[in-house]
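Peer 1:
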Amino acid sequence: MRVAAEPISEFKQLELTQTFNSVKNLRELEIKTDELKIDICDQLYIFAKACEDDKSRTLIINNKRKIFNRKRVSFGDIELPTELKENIFLFDKSLEKLDNERALIKEKYIAEVEESQKKLKILSSGKSLWNGLVLSSQTLLKEIIKDLDPQAKQSKRWEEVEDGVIKYLSRIYCKTSPFSTFTNLAIAKISDQKLDGILLVNSNSTSPKSTQSHIRINNSILDWSLSIIKRYQPIKCQLTLRLNPTVNHVDGNYKFLINKGNVETFQTLKKNEALEALEFIFNLYGTSGLSWEELSLLLKNNYIDTELDIINEYINSLIGIGFLEYNIGVSGLSDLWDHKLIQKLKNLRQTPIGDKIVYTLVEVRNIAKNYELAQPLDRLMLMDAAYQLLVSLATFTQNCIHDNSESDPAALKVNIVFPYKAEQIFFEDTTLNLDLSISQSIIEHLNICFDLAESQTIFDGNFDEREKMLTYFIDKFPDSEVDILQFYEVYYRDVKVPKSQLDNNRPIKDAPLDEEIDGLKQRNEKFRTWCEAFHRQIVNRINNEVVKIKHDQIESTNKELDFEPILRKRSFGFIAQSFQENGIEYFVLTGISAGYGKWFSRFLHLFSADITKALRNLNSQFNEKALLLENCDASFFNANMHPPLLPLEILVPNANYSLNAEAQIPITDLKIWLNKEKQRLELVHIPSKKQVHVVDFGFLSLKRRSELFQLLENFTFIENVAFFSVLNSVNAVASAQNRREGLDFDCHPRIVLNEKVILQRKTWIFDKSKLPLRNPSEASWEYFCRINLWRLKHSIPDEVFIYVHERESQVRSKYISRDDYKPQYISFSNAHLVNLLGRLMKKVPVRLKVVEMLPNSNQLLSIGKDKYVMEFIFQSYNY
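Numbering that gives the first Met the number 0 applies: residue 0 is where the sequence shown begins, and numbers increase by one.
In structure tokens:
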């Protein structure tokens, strides 16, 4: 579970309740005034047509225009019909009421904003906010501290500061965030019985405010520390070396793949006695390998009759080109990497730099422990202390390496700096000290979600790349099997590189375009015909409010087109929010992913080891006839850190590993085989002849992984599914109806599956030209009033999330910041958020997406007496 750091009631104190209600009254008055206005204009049209005096007719027509624009008029000596005269009198009274209501709104706004500003200052001094800002925006934190000082002058940048404060506060109170300092984590067990409500806090739990901090040290510092160690001869000569696991014999040469920072290239070395000796030695020593020192002495005493310095230079050159690589045994996937590196260095002979690294990491870890319990301002000082330690390590290392310049002239070229900011040293997760249970009734909702996910496996997101690979394979490898690295080299050269050049508008030759591949044409046609068939099932149910669909309709569509998914063992992950309304429990499904523990992986270190053990046991039951391997590469990314969830992992050059050598399957033991019956490429373990499935349990985007990692991801039992086919079918019909009705905006309805699972929140989409942009001279109260009238006109709820810029959009703007891709909570009764919305609307490149908040603040689940925004992450298995 992810639970917002603070109860939403505190944030709701910022709302201008009286002003907000007065705007609703104003809207009702406007509607009545406009109804009267239309009647009067119709009557004046008839009256003017019958008037024979030109001057009078002109006055009547001009007054009709004024009334249409809600302005008072005078008809002088013109004698009006009694009913018309009475209506104009009522119209004048309505205009007077509108003026009075606007004056009242202004008065209430000024008074309530003054109180709201005071409350904002109180919230801006909250511990949850400050703890988060220490790690994410120290500049904003310093501005807040300055503003809270009664003796300091208010910053001229307060408008920008207020925008930052309200953005961060809305993330803390009104949504869950991947940034765990702003979101507390908890494990909830599904009860074996139906509870009175969805969520139960068991009696032995402590206060909802009771949280525990967990600090990890950025694993990029491991990458940096290793780069120091590999530059310092007294340490690196003690490190274990091994042969690059991809070294192979090709046409009398050694050929191998190297990975430097996830950039991969193939290298070729001409065979010679020294390289053959090295190959023999490492094959002899097996997975244990041997140290640089041991290797150089072994070569000198048995194979190469020359000076040790020359042998060491040769070894160094082989490491540089990737024929040999370090096998240090400290992984960036471990949240305890610093402990393991300390222990590794302690097991080596003492060196000045080694001792300094050990001292620094021990002190930084001690600071991290103190940081967990420290107050925000103390955290700033602790963070600075850790930063100074690491900067001191960089300086010390630089000096030590330069002192060796006589024996190593290249040392003078080495420039070592600590490359990270202070706030990048630590990463924080916070957990709730609560014993939570979820009602057993939620199983019904999970089953609906599982059936939906399974029905959509016919549109597996990995299909396109697999089909390209299959088409290329059939054309290039008629023998129906090939070594995985051979295929990777030619496929990357012939397909991936040209495709990349095409995407970047660079000239290419003979690149296989997606639309030329038969399988992709068939896939696109399959998707189109599915949407058309599903459209026939639901077309009479579409409206702009709520569309209810049944899973039977999805299954019926699959059967009609013979698209039924293969039934087998599966696991899915679901992200959902839950709420009750009129006695019905609803699930708001916000995402589907692979299961098998993937969405739990980075959080497992926070909870009982029994959870990790249970996930491993479930994964091991998936397919006993196949080998399940975790994918690996050279990435350093904090959200990738997790314990191993499979018994094996793949062995590739220079990667981060979790398992020992006996549990690693070399990439060279794998081949690609064409299963002609299924018309599908499969990965096979050559020694055992078993099929291989490769799994990624990390959170890093696939695009930032190595190319080999990306290729291997296509050989997996995991299906990349979503429910876009359902959403697209409904939204296409809704959009067509909107156009027919002449709406100047698009509206997508709330979609409910089987009366219980909400697949889509109601959404409004406005072109920028249709947005109520704030005028430069417009007062805040006037804009608050105008934007709420606009909201009421379009039936937009009080609470929404807005998307200034959608990630899939091709339009880019210099005004778009990283935060503008995130959904921003907006309460139209909150003046600070309305002002923020006015500024964000100006940054909209093309269109603004507005999505209802569901559950809204009144529907949220409670912990104790307070309501919190909560999000559940479920792992579901069908075996």
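A virtual CB, placed ideally from N, CA and C, is assigned to each residue, including glycine.
Please read these numbers as outputs of a predicted model, since none were measured by experiment.
Name the two residues that bound the continuous alpha helix (DSSP H) containing Ile537.
Peer 2: Start and end: Asp517 to Ile537.
Peer 1: Does the beta-carbon distance from Ser885 to Asn201 come in below 8 Å?
Peer 2: Any answer about residue 885 is impossible in this case: the structure gives the chain only from 0 up to 878.
Peer 1: Return the chain-ordered ranges of every alpha helix (DSSP H) run that is complete within the segment 282 to 324 and spans a minimum of 4 residues.
Peer 2: Whole alpha helix (DSSP H) segments, 4+ residues: 291 to 301 and 307 to 320.
Peer 1: When DSSP labels each residue in this structure, what does Val577 get in the three-state scheme?
Peer 2: This sequence places Ser at residue 577; Val is not what is there. Residue state, collapsed to three classes: strand.
Peer 1: Check this for me: beta carbons of Ala593 and Ile717, under 8 Å apart or not?
Peer 2: For Ala593 and Ile717, yes; Cβs fall inside 8 Å.
Peer 1: Which residue's Cα is closest to the Cα of Leu277: Thr264, Gln266 and Ile303?
Peer 2: Taking only the C-alpha atoms, the option nearest Leu277 is Ile303.
Peer 1: By a C-beta neighbour count over all protein chains shown, 10 Å radius and 16 as the cutoff for buried, is Asp334 buried or exposed?
Peer 2: Asp334 should be labelled buried.
Peer 1: Can you check which of these residues, Val691, Tyr358 and Val546, is closest to Leu682 by C-alpha distance?
Peer 2: Minimum Cα distance to Leu682 is reached at Val691.
Peer 1: May I have the straight-line CA-CA distance separating Ile214 from Thr430, to the nearest angstrom?
Peer 2: Taking the straight line from one Cα to the other gives about 11 Å.
Peer 1: For Ile872, which beta-bridge partners are listed by DSSP?
Peer 2: Looking at the DSSP assignment, Ile872 forms a beta bridge with Ile574.
Peer 1: On the premise that Lys355 lies in contact with Phe395, defined as a C-beta separation below 8 Å, what is that separation, rounded to the nearest angstrom?
Peer 2: Yes, they are in contact, since the Cβ atoms of Phe395 and Lys355 sit about 5 Å apart, within 8 Å.
Peer 1: Tell me which same chain residues have a C-beta within less than 6 Å of the C-beta of Ile227, skipping the five on either side of it?
Peer 2: Contacts found: Thr396.
Peer 1: Could you spell out where the alpha helix (DSSP H) holding Glu34 opens and where it closes?
Peer 2: Run containing Glu34: Thr16 to Ala49, per the alpha helix (DSSP H) assignment.
Peer 1: Can you tell me whether DSSP reads Phe723 as helix, strand or coil?
Peer 2: The answer is helix: DSSP assigns Phe723 an H, G or I state.
Peer 1: On the three-state DSSP scale, how would you describe Pro244?
Peer 2: DSSP places Pro244 in coil when its eight states are reduced to three.
Peer 1: Where do the ends of the alpha helix (DSSP H) carrying Asn613 lie?
Peer 2: The displayed chain sequence assigns Ala, not Asn, to residue 613. Element bounds for Ala613: Ala608 to Ser619.
Peer 1: Assuming His804 is part of the beta strand (DSSP E), what are its boundary residues?
Peer 2: Neither: His804 is in no beta strand (DSSP E) and is coded neither H nor E.
Peer 1: Rounded to whole angstroms, what is the Cα-Cα separation between Glu781 and Ile165?
Peer 2: Cα-Cα distance, rounded: 21 Å.
Peer 1: Measuring alpha carbon to alpha carbon, tell me which residue in Leu147, Arg64, Leu35 and Leu103 is nearest Cys784.
Peer 2: With distances taken between Cα atoms, Cys784 lies closest to Leu103.
Peer 1: What first and last residue would you give for the alpha helix (DSSP H) that runs through Val489?
Peer 2: From DSSP, the alpha helix (DSSP H) with Val489 extends over Ile483 to Tyr490.
Peer 1: Taking the alpha-carbon of Lys520 as reference, which of Phe462, Ser287 and Val361 has the nearest alpha-carbon?
Peer 2: Closest by alpha carbon: Phe462.
Peer 1: Could you name the residues of the same chain whose beta carbon sits closer than 8 Å to that of Arg846, not counting the 5 residues immediately before and after it, in chain order?
Peer 2: Here the set comprises Ile764, Phe765, Asp766 and Lys767.
Peer 1: Put Pro775 into one of helix, strand or coil per three-state DSSP.
Peer 2: Pro775 falls in the coil class under three-state DSSP.
Peer 1: For the alpha helix (DSSP H) containing Tyr471, name the first residue and the last one.
Peer 2: Note, Tyr471: alpha helix (DSSP H), Phe462 to Lys475.
Peer 1: With H, G and I counted as helix, E and B as strand and the rest as coil, what does DSSP make of His641?
Peer 2: Residue state, collapsed to three classes: coil.
Peer 1: Would you check if the distance between the CB atom of Ile591 and the CB atom of Phe573 is smaller than 8 Å?
Peer 2: A contact, by the Cβ cut-off of 8 Å.
Peer 1: Check the DSSP bridge columns for Val691 and list the partner residues they point to.
Peer 2: Leu626 and Leu682.
Peer 1: Check the C-beta distance from His747 over to Asn730 and give it rounded, since I have them as a contact under 8 Å.
Peer 2: About 5 Å; that satisfies the 8 Å criterion.
Peer 1: Assess, as a yes-or-no matter, whether the segment 657 to 671 is touched by the segment 685 to 701 under the definition of 3 or more beta carbon pairs within less than 8 Å.
Peer 2: Taking 8 Å as the limit for Cβ pairs, the verdict is that the segment 657 to 671 does touch the segment 685 to 701.
Peer 1: What runs of the alpha helix (DSSP H), each 4 residues or longer, lie entirely inside the segment 65 to 153?
Peer 2: Taking only runs of at least 4 residues, the alpha helix (DSSP H) segments lying wholly in the segment 65 to 153 are 81 to 122, 126 to 135 and 137 to 147.
Peer 1: Among Arg749, Asp250, Asp743 and Leu392, whose alpha-carbon lies nearest the alpha-carbon of His793?
Peer 2: Ranking the options by Cα distance to His793, first place goes to Asp743.
Peer 1: By Cβ distance, which residues of its chain are closer than 7 Å to Ile341, with the 5 residues on each side in sequence left out?
Peer 2: Counting only Cβ-Cβ distances below 7 Å, and skipping sequence neighbours, we find Val357, Leu360 and Val361.
Peer 1: Excluding the 5 residues preceding and the 5 following Leu389 in the sequence, name in chain order all residues of the same chain whose CB lies nearer than 6 Å to its CB.
Peer 2: Excluding residues within five positions, the ones whose Cβ falls inside 6 Å are Phe417.
Peer 1: Considering only their Cβ atoms, is the gap separating Gln423 from Asn879 smaller than 8 Å?
Peer 2: Residue 879 is absent from the structure shown; the chain starts at 0 and stops at 878.
Peer 1: In chain order, what residues of the same chain have a beta carbon less than 7 Å from the beta carbon of Val481, not counting five sequence neighbours either side?
Peer 2: Taken in chain order, the residues that qualify are Lys670 and Ile671.
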